[in-house]
Amino acid sequence: MQGCDGSILLNSTAAGAAEKDAPPNLTLRGFDLIDRVKGLVEQACPGVVSCADVLALAARDAVAAIGGPSWRVPTGRRDGTVSTMQEAVRELPSPSMTFPQLVALFAGKGLDVRDLVWLSGAHTIGIAHCSSFADRLYSYPSAGNGTGTVPPLDAAYAANLRQRKCRMGGRDTTVEMDPGSFLTFDLGYYHTVLKHRALFRSDAALVTDPAARADIAGVVSSPPEVFFQVFARSMARLGAVQVKTGSQGEIRKHCAVVNS
Ligand code: HEM
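Per UniProt numbering, the sequence shown starts with residue 1, numbered consecutively.
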């Protein structure tokens with residue numbers, strides 16, 4: 001959480017729990033794949049390519065592989081040597097955050113409102129656990145009301161989720177965030193947002209801001225390439241957050257551990 005420095009890849013040590021083991025990160029997968037890629041790169045070219053670069057390049061290529069855009073990823077990031085659970089808990093956005101809270105959090109990393117709106121479009125892929133949005137199914141209206149109240153989930157969709165996927169006690173089941181095309185990078189997420197079917201309050205929060213709502217409406221009524229372009233631009237900005245260069249950090253030999 002000290003920037004784009006591969007600290008998410010580090011394992012916890014006797015000295016303390018790492019970001020990887022912070023509750024919001026427990027559903028992250030694919031660490032073994034990154035470790036394998038890094039191993040191959042080390043064989044070919046030892047000590048040159050950081051884990052932070054491998055991760056930034058893999059994120060780009062994963063998006064392109066499922067039909068999304070590609071973008072230029074400048075390399076040369078160096079790897080961080082610090083990874084703490086506490087920092088991740090403090091700095092990661094929560095799915096119950098309001099629009100102003102999300103904007104402030106992104107601003108802390110030099111990212112603006114549009115970055116927030118377009119990067120949230122990544123929720124066109126993947127799944128969410130019922131526990132991440134159960135409060136919207138079972139106790140709406142609830143905490144987080146008052147300033148920044150978000151529209152409730154579409155009533156029919158919420159009823160469907162309660163009956164089929166997210167029964168009380170079944171909080172560990174998962175739901176596609178963009179049902180029907182959760183493995184394709186497309187405009188589906190923004191359609192769900194506008195239909196009040198996006199799962200998190202943080203998704204619903206985007207339409208509580210008139211300018212953000214207008215941006216989303218504009219992108220949804222344009223060819224997907226328009227979204228692709230703004231998403232790619234924001235991903236490039238995300239990949240440049242607090243990058244370590246020069247003599248900062250190190251080039252890790254193994255992504256899960258700092259060099260000895
Ligand atoms: C705006 C603030 C954001 C919040 C509050 C947020 C929150 C979440 C939550 C709670 C989940 C589901 C975890 C689970 O229940 O398993 C999730 C999944 C996901 N998020 Fe976000 N997220 C945000 C921004 C982003 C950004 C910027 C990206 C990438 C550019 C992103 C990409 C993803 C992906 C790909 C998944 C699916 C993971 C899977 O399939 O397991 N999110 N997010």
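From the three backbone atoms N, C-alpha and C, an ideal C-beta is built for every residue, glycine too.
Per DSSP, the bridge partner or partners of residue i
i, result
"Asp79", "Glu250"
"residue 262", "With the chain represented from 1 up to 260, any question about residue 262 goes unanswered, as that position is not in the structure."
"Val257", "His254"
"Lys244", "Arg78"
"Thr13", "Gly16"
beta-carbon residue i near ligand 1 non-hydrogen atom, thresh 7 Å
i, result
"Thr208", "no"
"Pro23", "no"
"residue 328", "Any question about residue 328 goes unanswered here, given that the chain covers just 1 to 260."
"Ala128", "yes"
"Thr192", "no"
"Leu55", "no"
"Ala236", "no"
"His196", "no"
"Ser132", "yes"
"Thr27", "yes"
"Leu102", "yes"
"Ser94", "yes"
"Ala44", "no"
"His123", "yes"
"Leu116", "yes"
"Phe200", "yes"
"Leu119", "yes"
Contact set for residue i: own chain, Cβ-Cβ below 8 Å, skip 5 residues either direction
i, result
"Gly246", "Arg78"
"Leu183", "Ile66, Ile125"
"Pro24", "Ala88, Val89, Leu92, Ser94"
Reference residue i; option with closest CA among the options
i, options, result
"Met177", "Leu10, Ala15, Leu153, Gly170", "Leu153"
"His129", "Phe185, Leu26, Leu10, Gly121", "Leu26"
"Ser221", "Met235, Asp209, Asp186", "Asp186"
"Val82", "Gln2, Val89, Ala159, Asp115", "Gln2"
"Leu10", "Arg213, Leu55, Asp115, Asp61", "Leu55"
"Ser96", "Asp112, Leu137, Gly76, Arg60", "Leu137"
"Gly239", "His196, Leu161, Arg29, Gly76", "Gly76"
"Ile8", "Val41, Ala88, Pro224", "Ala88"
"Asp135", "Gln86, Ala59, Leu199, Arg29", "Leu199"
"Ala217", "Leu102, Glu225, Phe228, Tyr190", "Tyr190"
"Asp112", "Ala211, Cys255, Val226", "Ala211"
Close beta carbons around residue i, own chain, < 7 Å, minus the five adjacent residues each side
i, result
"Asn259", "Glu250, Arg252, Lys253"
"Asp209", "Phe99"
"Lys244", "Gly3, Asp5, Arg77, Arg78, Gly80"
Neighbourhood of residue i by C-beta, 6 Å cutoff - its chain only, sequence neighbours within 5 removed
i, result
"Ala205", "Thr98, Phe99, Val150"
"Lys109", "Val241"
"Asp203", "Val193"
"Thr147", "For Thr147, the predicted model reports a pLDDT of 43, less than 50, meaning its position is unreliable and no value from the coordinates is stated."
Worksheet item: Which parts of the stretch 93-147 are runs of the alpha helix (DSSP H), unbroken and 4 residues or longer, counting only runs that do not cross its ends?
Response: 99-107, 113-119, 134-138
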